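Visitor: Please find one structure pasted underneath; my questions will follow.
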Amino acid sequence: MTLLQAARLNVGYPVSGAGVFSKSRILPIVHDTSLSLDAGRTLGVVGESGCGKSTLGRALLRLIKPTSGIVLWQGQDMATMSADTLRKRRSEMQIIFQDPVAALDPRMTIGRIVSRPLATFEPSLGRAELNSRAIDSLRLVGLSADFAQRYAHELSGGQAQRVGIARAIIGRPKLVICDEPVSALDVSIQAQVVNLLMDLQDQLGLALVFISHNLAVVRHISHEVMVMCLGRVMETGPRDDFYAKPLHPYSKALMSAVPEPDPRREKGRIGQSLRGELPSALSPPPGCVFASRCPIARPRCHTERPELRSFGVRQAACHFIEE
Amino acid sequence: MTDSLLSVRDLQVKFRLPAGAMTAVDGVSFDVKPGEVLGIVGESGSGKSQILFSLMGLLASNGTARGTASFQGQDLLALGPMALDSIRGVTLSMIFQDPMTSLNPYMRIGDQLAEGLRVHKGLSKAEAWKAAVAMLDRVRIPDAARRARHYPHEFSGGMRQRVMIAMALLVRPALLLADEPTTALDVTIQAQVLDLMAELGREIGTAIILVTHDLGVVARLCDRVIVLYGGRVMEEGEAEVLFASPAHPYSQGLLAATPRLEDALTKRLGTIPGTPRSGGAMLPGCPFAPRCTLKIPICDATRPPLIAIAPERLVSCHLTGAT
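Here the protein sequences line up with chains A and B, keeping their order. Going by the numbering used here, the first residue of the first sequence is number 31, and it counts up by one from there. Going by the numbering used here, the first residue of the second sequence is number 887, and it counts up by one from there.
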């Protein structure tokens, strides 16, 4: 069942114009992005900083209003939902953030933080009920009941991220957007949190949008992968196809840039990094956004933007995939 | 070892805190040979950065370092500020995680680079400027002669880190200390910076101590590795040997927890239970014992000595000693 669909989504932020009296304009961040996510599945969104992956995540939840395009939640257009309906639907979608400690109110007990979504969406629940549901949710993420009495500053980064997850799942959502959820964590803790998200998906049938710059983590958790660069989709496809043989030169470059714990392999990769500089998002090039760094770029790439084209179940935006 | 460039013996770093003394580094010894790249890898709180800060005389005011660190015939830990200034930025340089905080925002990039050459090497203004521009070009700053007249805020994060490397290596130091130099960078930019460190280090003959939490970064750059936990050396060895056959349960756990692009997709990542040690009183036994799945009673009671299990291969674990 398709849970979430986005079609030709464009998202931008207003920025002030160059002069004091010039009008503000919209700086486009995400361009013409389409995706579809089924219940119980994970879409991994990968890209470097500034590629628009976090903005996309927020636009999918309608935390930012897209400039154009549609987002369908279980077939219903989120833009045409009444405020009341949107509010109800929101209980079905949650988000967790990169900085787990900053995402928790320092003056509230963990129990209260975790039960907040319930208190909002089901105001009839009493205090005792809220507390016991919070404890259930904490247990689901591997934290004991006594955490409910603690405060955010008493937690380690990994524990705080578990609390963030407990808060996200307490209302039994159908979708959780995970925005770089493990980037700030130590390796051993990162593995614990990734495993926890996969367990919760199995138990609760959650759909996940997993936003990350880490290709190896995305490979582990995702069913589908989408690669973005400067606000544009470069490639999408099922996980196994993508990792077995990425189509886009940008995907290939990302993959060979990831350092892996294997000295024999890594020593051979020295000297193979990309040349050239990333173009500015404020003045994107007319052609392919990767052209300035692409090892196989030709004149056409600098002038003509490649459309996203289908290759079987996969899609990629490059003029020269066939070669 | 007589052919060592740097010999650290029984390094202890302690901090005075309101709650009492906190030991960050507890009896660490190691050697760095000329031109060698040594990786020190560990999670947060392992004390890895404090080792570098103590060598550089940059510990916070409530911190003290004991032990010896002989570098080219002088004990770095015994030198006063004046004596240290004749070494720092001359034969011993350091680069940090955040390049922006290490650059003077009010000074042109070219002047900041040239300053070291003028102060320490006695070059004229024109000569120093010329050498600075040549070095910027060497670290692939496009249009280096023009960019040298720009200020740090006009550079991207990756360019700033390349500028820091240019600055650190311009004086051709015998040893470069690098504290998580690529952690804040995107993977493609990280690959560029690691390439530069490898190329320039080799060209100039500079030895490097690279401190990082990323096993992949160690694999790409380092000849030898020290695995640190709770301020103590868990294991040391040549990179290829240690990654191929980690001997300490902590190194084994770290490697299993790191997702790789070419792993068979097992359902779950390996994990280490618990969270990294953060301060507190020193344990009488092995610092990793509280998280170790293989521990035996002696692990909580007595510290395992660091013993050689092969040439250039040291391990600190009671289980290794027993066999």
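The beta carbon of each residue, even a glycine, is placed where N, CA and C say it ideally should be. Model, not experiment: these values are computed from the prediction.
For histidine 278/A, which residues of its own chain have a beta-carbon under 6 Å away from its beta-carbon, when the five flanking residues on both sides are left out?
Guide: Contacts found: Met264, Glu265, Ala346 and Cys348.
Visitor: Can you tell me whether phenylalanine 357/A is buried or exposed? The criterion is at least 16 other CB atoms within 10 Å of its CB, across all chains shown.
Guide: With chain A covering 31 to 353 only, the question about residue 357/A has no answer from this structure.
Visitor: From threonine 1209/B to threonine 1098/B, what does the alpha carbon distance come to, in whole angstroms?
Guide: Any reading at threonine 1209/B needs caution, since the residue's pLDDT is 46, under 50, leaving its predicted position unreliable; the model's value is listed next. In a straight line, the C-alpha of threonine 1209/B is about 31 Å away from that of threonine 1098/B.
Visitor: Between which two residues does the alpha helix (DSSP H) carrying arginine 163/A extend?
Guide: It spans 157-170 - the alpha helix (DSSP H) in which arginine 163/A sits, taken as one unbroken run.
Visitor: With 8 Å as the threshold, decide whether the Cβ of histidine 183/A is near any Cβ in chain B.
Guide: No, histidine 183/A lies away from the interface with chain B (no Cβ there is under 8 Å from its Cβ).
Visitor: Who are the neighbours of phenylalanine 1129/B on chain A, taking C-beta pairs under 9 Å?
Guide: Here the neighbours are Pro291, Asp292, Pro293 and Arg294.
Visitor: Identify whether cysteine 208/A lies in helix, strand or coil by the three-state DSSP scheme.
Guide: In the structure shown, cysteine 208/A sits in a strand (DSSP, three-state: E or B).
Visitor: Look at the alpha carbon of proline 314/A and the alpha carbon of glutamate 78/A, and state the distance between them as a whole number of angstroms.
Guide: About 15 Å.
Visitor: Just reading off the beta strand (DSSP E) that isoleucine 199/A is part of, what are its end residues?
Guide: That residue, isoleucine 199/A, is in no beta strand (DSSP E); its alpha helix (DSSP H) goes 187-199.
Visitor: Quick one: list the residues of chain D neighbouring proline 985/B, beta-carbon separation under 8 Å, in chain order.
Guide: Included in the structure are the protein chains A and B, with no chain D among them.
Visitor: If you count every other CB in all the chains shown that lies within 10 Å of the CB of threonine 1152/B, and 16 or more means buried, which is it?
Guide: So threonine 1152/B ends up on the exposed side.
Visitor: Where does serine 51/A land, buried or exposed, given buried means 16+ other C-beta within 10 angstroms?
Guide: According to the sequence shown, residue 51/A is phenylalanine rather than serine. Looking at its Cβ environment, which holds fewer than 16 other Cβ atoms inside 10 Å, phenylalanine 51/A is exposed.
Visitor: Just mark tyrosine 992/B as buried or exposed, buried being the case when its beta carbon has 16 or more other beta carbons within 10 Å.
Guide: By the neighbour-count rule (16 or more Cβ atoms within 10 Å), tyrosine 992/B is not buried but exposed.
Visitor: Along the chain, where does the beta strand (DSSP E) that runs through methionine 980/B open and close?
Guide: Note, methionine 980/B: beta strand (DSSP E), 978-981.
Visitor: For a test of the three-state rule: what should DSSP assign to aspartate 292/A, helix, strand or coil?
Guide: Reduced to three states, the DSSP call for aspartate 292/A is coil.
Visitor: Do you know how far the Cα of glycine 933/B is from the Cα of leucine 892/B?
Guide: Leucine 892/B and glycine 933/B: Cα-Cα distance of roughly 19 Å.
Visitor: Taking C-alpha atoms, which residue in Val1057/B, Cys1172/B and Asp1065/B lies nearest to alanine 1007/B?
Guide: This sequence places lysine at residue 1007/B; alanine is not what is there. For lysine 1007/B, the nearest C-alpha among the options comes from Val1057/B.
Visitor: Using a Cβ cut-off of 7 Å, pull out every chain A residue sitting near threonine 1144/B, in sequence order please.
Guide: Near threonine 1144/B (Cβ distances below 7 Å), the residues of chain A are Val217 and Pro291.
Visitor: How would you call glutamine 998/B, buried or exposed, if buried means at least 16 neighbouring beta carbons within 10 angstroms?
Guide: By the 10 Å Cβ count, glutamine 998/B comes out buried.
Visitor: Would you mind sorting valine 45/A into buried or exposed? The rule is 16 or more other CB atoms within 10 Å of its CB.
Guide: When all chains shown are included, valine 45/A counts as exposed.
Visitor: So, do the stretch 74-88 of chain A and the stretch 243-259 of chain A have three or more beta carbon pairs nearer to each other than 8 Å?
Guide: Verdict: yes, contact present.
Visitor: So with CB distances below 7 Å, who are the chain A contacts of glycine 1156/B?
Guide: The answer, in chain order, is Ala221.
Visitor: Count the other CB atoms within 10 Å of the CB of proline 153/A; is the residue buried (16 or more) or exposed (fewer)?
Guide: Proline 153/A comes out exposed.
Visitor: For a test of the three-state rule: what should DSSP assign to methionine 887/B, helix, strand or coil?
Guide: At methionine 887/B, the pLDDT of 45 sits below 50, so the modelled position is not reliable; the number obtained from the coordinates is stated separately. Here methionine 887/B sits in coil by DSSP.
Visitor: Could you give the distance in angstroms between the alpha-carbon of leucine 1096/B and the alpha-carbon of leucine 924/B?
Guide: Their Cα atoms are separated by approximately 6 Å.
Visitor: Which partner residues of asparagine 16/A appear in the DSSP bridge assignment?
Guide: In the structure as shown, chain A begins at 31 and stops at 353. Residue 16/A is therefore absent and cannot be evaluated.
Visitor: Pair every Cβ in the stretch 941-960 of chain B with every Cβ in the stretch 1113-1126 of chain B, then say whether three or more of these pairs are closer than 8 Å.
Guide: Short answer: they don't touch.
Visitor: For chain B, check one thing: does any of its Cβ atoms lie closer than 8 Å to the Cβ of glutamate 307/A?
Guide: Taking Cβ atoms only, chain B reaches closer than 8 Å to glutamate 307/A, which makes this a yes.
Visitor: If I'm right that glycine 261/A touches glycine 82/A with Cβ under 8 Å, what's the distance once you round it to whole angstroms?
Guide: 4 Å between Cβ atoms; contact.
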